[in-house]
Every structure is written in C-alpha cells, then in structure tokens.
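Working notes, beginning with the structure itself.
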Amino acid sequence: MKQHDFDTPVVRRNTHCVKWDCEEAQGAIPMWVADMDFRVAQPITEAIMRRAEHGVFGYTQVPPAYYDAIIRWFGERHQWHIDREWIIYTSGVIPALSAVIKSMTLPGDKVIIQTPVYNCFFSSVRNNGCQVVENPLIYQDNTYHIDFDDLERKAADSKTRLLVLCNPHNPAGRVWTKEELRHVNDICLRNGVRVVSDEIHCELVMPGYRFTPFASVSKECLDNSVTLNSPSKSFNIAGLQIANIICNNSLVRERIDRAININEVCDVNPFGVEALMAAYNDSGWWIDQLCDYLKSNYDCLRAYFAEHMPQVGITTLEGTYLVWLDIRPLGQTSDEITRRLLSEGKVLVNSGTMYGEQEGEGFIRVNIACPRSQLMTALESMSKVLAK
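This is how it looks when you write it as structure tokens:
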C-alpha cells in the first residue's frame, strides 16, 4: 500500500497562493479558504508532468477516457450509475451553479438555500436576478438538521423554482442521510421545485459516515435533480479549473449547455482534464488516507478545545475539512472574534456571517486541512486570544 506524507509542511507562501499570499494572511497562519496544505496524490503530479512535457497547451478536447473515469469512480465508490450523455464538463462548480440557475429560472424567481451555507450560493442566485429564500437549518446538540416544515412552506411559493442543496454541507459539516435526501425531494416534487445538488466535498467524509449522491437515492430524485461535482476540493486541485454537471434529462441538459455557452465557461484547462483522470483512476488510496488524517486532526482540535477552551462549542464533523465553531458563549460577534484572532493571535479564519448574517452569527469556520504541527500552533494561538 502506498503511503502519503501529510505531516511534512509544504511552503506555499510567495507562490501566488490565495490562501497564504493574500494581504490578510501576511504574518499569519491561514485557516480560512477551503483548500488544503497537502501535496496532491503522486499519480496526479505525474499525469500533469507528462502533459507539461509535451510543451503545447492549446484548446483541449475532452477524451472518452475522461467520462469513463467519472463513471467508474462514482459507480464503484458511491454505487451511482451515470450515463456518458448525462455529463457536461465546465470550469468549476460555481460557474456550473450559475449556469444551472440561469437555465432554470427567470429574473425574479426564488431559489431556496439552507443557511448557514457557502457564501457563493448567495451571489450565484442574485447574479442571475433571482431572490434568495433561506431555509435555515436547525442547530441542536452540536449538529444541524433540516427544517422540513419550513422547507415545505418556502417550496409552496409559486415563484420558487430551485433548491440548492449542499451535500456534504459547508459549513455545517453534515453528510445528509438517504432518508433526509428522500424527504427533501418529496417536498420539492410536490411543489414543482428542482433540486440542484452541490456535491463538491463528496469524498471528504469522516470514518463512520457515508456519502449518498442525491441522484442515487431513487429514480424520482434522479429525475428531479441536477448534480454538480468536481475532484477539486477532495484532491486539492481547485486551481486546475475542472468540474462536471450531471443531469439525466436531455431537455434540461440542452438548456444548461446553452447557459454555459452564454456564460462562456465551456472551455477547460488541459491539466484539469489529466488531473481528473489521474484522481479518479489512480488516487483512491490517497483519499482514504486523507480522510483518516483529517479525522485525527479533528480529534486533536476537539481534545485541545476541551482542555483549553471548553466554552467553545464544536459542531460534529461528518464531512468536509471545515470545522464550525460555536463562539456565542464568548459574548462577542463573529466579526469581532475573527478580527481579534487575526490581530492578536495571527490566525486567519472565516467569520460565520459570511454564510448567513443571522444563522452564521456567533460562529467561525476553521480549515483543518493542514499538517498537524500547523494545526496545533494555530490552536495554541487561538486559545491565548479566546481565553482573555
């Protein structure tokens, strides 16, 4: 069995890196934006190097092997059968989301999102002239649940066209169960609302939990959904700009394909194509080791907070590498705590208000996808600030 070294730090500063080289991160430990401080799986590096040796990087044609890799991965890994013609490639999940919203709505229509949720959902909806409708998640016992009664009310509005689902959920850390997904679809079907499922974090699942693709739950879920996925988060290749839209309805796909061309995100990076194939064909072992390492990081964080900052609540992490901390007992706003952590502790995290002004208030988001030594240094700095 191959073994990957997740412990040795990789110097990323001064590499034009958003995470480390942004103005706010200068002199600080960046624990904010969702990319990882780990080298990618060796098969991905080797595939990119082979492509780079060719020396010509013109417009790229996506080969049949690309689709084969996707179909094989999701069939074997998640027991979801995907037909070749269901797949539309594009440059990223957010461009994909924007194209899907454009294709399925008219200006003034309503789109449901489940807050607190990834901040780009808000802008994708509004940039297409639609109204954001929040279906706030219920926070209870350090985890989140869907408010199905509220979802039923919001979906019943005649102007509501879409529900954007985040599975696994960022930043709540939930990996929705098959029963929860089925319930969501039942409500949406009754009310003529289509589900757009963002599954970009689908491989980042903690031991003991299981990711279920929304479209794999039932024929009804498949027919009433559009899935967005990418290896970018899981395999740490976000900069290579590759993602896929999966939809079994040919008429809907035609509308999405037209929107992709209107938004001019129909061309992809040649290195992204090679990286996806290397990830899905040859790097499953790396993901398995990564999830074990992330679980150990999460356990270390929990233990450290229990000893040094027991007043801070820690949301159960089922999926992603983004830990959602309840800092309401500290008596300061999310923005205030975030500013103090940066100015006094030199640790850069995300304020919860990015993910919903109401549902995110009183929380911060911390990225634990880094070598353990870096995590522990950051936690020590955070405790000195939060203990004051």
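Going by the working numbering, the final residue of the sequence shown carries number 1141, and the count climbs one at a time with no gaps. Idealized CB from N, CA, C, for every residue including glycine. All figures in this text were calculated on a predicted structure; none of them were measured in a lab.
Can you give me the start and stop residues for the beta strand (DSSP E) that C919 sits inside?
Stepping through the sequence shown from its first residue, residue 919 is reached at position 166. Taken as a continuous stretch (DSSP letters only), the beta strand (DSSP E) holding C919 covers T913 to C919.
Using the Cα positions of I866 and Q1042, report the straight-line distance between them to the nearest angstrom.
Position 113 of the sequence shown holds residue 866. Position 289 of the sequence shown holds residue 1042. Distance between the alpha carbons of I866 and Q1042: 32 Å.
Is S987 near F967, with beta carbons less than 8 Å apart?
Indexing the sequence shown from 1 puts residue 987 at position 234. Indexing the sequence shown from 1 puts residue 967 at position 214. Taking 8 Å as the Cβ cut-off, S987 and F967 do not qualify as a contacting pair.
Rounded to a whole number of angstroms, what is the C-alpha to C-alpha distance between F827 and C1044?
One-based indexing of the sequence shown puts residue 827 at position 74. One-based indexing of the sequence shown puts residue 1044 at position 291. Those two C-alpha atoms are separated by around 18 Å.
For M802, does the count of other Cβ atoms within 10 angstroms reach 16, so buried, or fall short, so exposed?
Residue numbering aside, residue 802 sits at position 49 when the sequence shown is read from its first letter. Burial call: exposed.
Indicate the three-state DSSP secondary structure (helix, strand or coil) for I1121 in the structure shown.
Residue numbering aside, residue 1121 sits at position 368 when the sequence shown is read from its first letter. If DSSP states are grouped into helix, strand and coil, I1121 belongs with coil.
Is the CB-CB distance between A800 and E1027 below 8 Å?
Position 47 of the sequence shown, counting from 1, holds the residue named residue 800. Position 274 of the sequence shown, counting from 1, holds the residue named residue 1027. Contact flag set, yes.
Could you give the distance in angstroms between the alpha-carbon of N997 and the alpha-carbon of S856?
The residue given as residue 997 occupies position 244 in the sequence shown. The residue given as residue 856 occupies position 103 in the sequence shown. Answer to the nearest angstrom: the Cα atoms are 16 Å apart.
Since D1033 and A822 are thought to touch, with beta carbons under 8 Å apart, how far apart are those beta carbons, to the nearest angstrom?
Locating residue 1033 in the sequence shown gives position 280, where the first residue counts as 1. Locating residue 822 in the sequence shown gives position 69, where the first residue counts as 1. A quick correction: the sequence has Tyr, not Asp, at residue 1033. Confirmed, Cβ separation roughly 4 Å.
Can the beta-carbon of N1022 be found less than 8 Å from the beta-carbon of Q1064?
Here the question's residue 1022 lines up with position 269 in the sequence shown. Here the question's residue 1064 lines up with position 311 in the sequence shown. Their beta carbons are not under 8 Å apart, which means N1022 does not touch Q1064 by this criterion.
Are the region 883-892 and the region 828-837 touching, with three or more C-beta to C-beta distances below 8 Å?
no
What do you get for G861, buried or exposed, if any count of 16 or more other CB atoms within 10 angstroms of its CB means buried?
By one-based count along the sequence shown, residue 861 stands at place 108. Answer is exposed; the Cβ neighbour count stays below 16.
Could you have a look at A996 and say whether DSSP puts it in helix, strand or coil?
Working through the sequence shown from its first residue, we reach residue 996 at position 243. A996 falls in the strand class under three-state DSSP.
Indicate whether the contact test is met: 3 or more Cβ pairs, each with one atom in the region 924-936 and one in the region 845-854, closer than 8 Å.
no
With which residues is E887 paired in a DSSP beta bridge?
The residue labelled residue 887 in the question sits at position 134 within the sequence shown. Looking at the DSSP assignment, E887 forms a beta bridge with I866.
Mind listing, in chain order, the continuous alpha helix (DSSP H) runs of no fewer than 4 residues lying wholly within the region 1038-1068?
Runs of the alpha helix (DSSP H) inside the region 1038-1068: none found.
Closest to L1047 by CA distance: which of D790, P783, I1121 and S1136 is it?
For the purposes of this step, residue 1047 is taken as the residue at position 294 of the sequence shown. Here the closest residue by C-alpha is I1121.
In the DSSP assignment, find the alpha helix (DSSP H) that holds L934 and state where it starts and stops.
Numbered from its first residue, the sequence shown carries residue 934 at position 181. K931 to R943 is the span of the alpha helix (DSSP H), which, as asked, contains L934.
What's the C-alpha gap between I1015 and R1125?
Position 262 of the sequence shown, counted from the start, is the residue given in the question as residue 1015. Position 372 of the sequence shown, counted from the start, is the residue given in the question as residue 1125. Going from the Cα of I1015 to the Cα of R1125 covers about 44 Å.
Using the beta-carbon count (16 or more within 10 Å), is T858 buried or exposed?
Taking the sequence shown and counting its residues from 1, the one referred to as residue 858 is at position 105. Classification of T858: buried, given that the 10 Å Cβ count is 16 or more.
How far does the beta strand (DSSP E) with R803 in it extend, from its first residue to its last?
If you number the sequence shown from 1, residue 803 lands on position 50. R803 -> not in any beta strand (DSSP E); alpha helix (DSSP H) instead, spanning Q795 to H807.
Can you find at least 3 beta carbon pairs, one from the region 937-956 and one from the region 1082-1092, that sit closer than 8 Å?
no
Which same chain residues end up closer than 7 Å to N895 when comparing Cβ atoms and leaving out the 5 residues on each side of it in sequence?
If you number the sequence shown from 1, residue 895 lands on position 142. G1066, I1067, T1068 and T1069.
For S1049, which residues from the same chain have a beta carbon less than 8 Å from its beta carbon, with the 5 sequence-adjacent residues on both sides left out?
Mapped onto the sequence shown, residue 1049 falls at position 296. R1125.
Candidates K912, F1024, N989 and Q1111: which alpha carbon is nearest Y1074's?
Locating residue 1074 in the sequence shown gives position 321, counting from the first residue. Taking only the C-alpha atoms, the option nearest Y1074 is N989.
With distances taken Cα to Cα, identify the nearest neighbour of G1105 among L1095, I891, I1117 and G1098.
Residue mapping note: residue 1105 aligns to position 352 of the sequence shown, counting from 1. Minimum Cα distance to G1105 is reached at I1117.
What do you reckon, are the CB atoms on D1079 and G1113 nearer than 8 Å?
Residue numbering aside, residue 1079 sits at position 326 when the sequence shown is read from its first letter. Residue numbering aside, residue 1113 sits at position 360 when the sequence shown is read from its first letter. For D1079 and G1113, no; Cβs fall outside 8 Å.
Under 8 Å between the Cβ atoms of R947 and N982?
Start at 1 with the first residue of the sequence shown, and residue 947 comes out as number 194. Start at 1 with the first residue of the sequence shown, and residue 982 comes out as number 229. Their beta carbons are not under 8 Å apart, which means R947 does not touch N982 by this criterion.
If I follow the unbroken beta strand (DSSP E) through D951, where does it start and stop?
Position 198 of the sequence shown, counted from the first residue, corresponds to residue 951. That run of the beta strand (DSSP E) goes R947 to D951.
Count Cβ pairs between the region 907-926 and the region 1130-1140 that sit closer than 8 Å; are there 3 or more?
no
Evaluate R1006 with the Cβ neighbour count: other Cβ atoms within 10 Å of its Cβ, from every protein chain shown; 16 or more gives buried, anything less gives exposed.
Indexing the sequence shown from 1 puts residue 1006 at position 253. The residue is buried, with at least 16 neighbouring Cβ atoms inside 10 Å.
Hey, V878 and I899 are a contact pair by Cβ (cut 8 Å); roughly how many whole angstroms apart?
In the sequence shown, the residue the question calls residue 878 occupies position 125. In the sequence shown, the residue the question calls residue 899 occupies position 146. V878 to I899, Cβ: 19 Å. No contact.
Quick one: grab the DSSP three-state call for Y1142.
The first residue shown for the chain is 754 and the last is 1141, placing residue 1142 beyond what the model contains.
Just tell me which of E1071, F874 and W785 has its CA closest to the CA of V1100.
For the purposes of this step, residue 1100 is taken as residue 347 along the sequence shown, with counting starting at 1. With distances taken between Cα atoms, V1100 lies closest to W785.
Using three-state DSSP, classify D1088 as helix, strand or coil.
Your numbering for residue 1088 matches position 335 in the sequence shown. Of the three classes helix, strand and coil, the one that applies to D1088 here is helix, per DSSP.
Under 8 Å by Cβ, that's how I've got C1053 and L957 pegged, so tell me the actual separation to the nearest angstrom.
Here the question's residue 1053 lines up with position 300 in the sequence shown. Here the question's residue 957 lines up with position 204 in the sequence shown. In fact, because the Cβ distance is near 17 Å, the residues do not count as touching under 8 Å.
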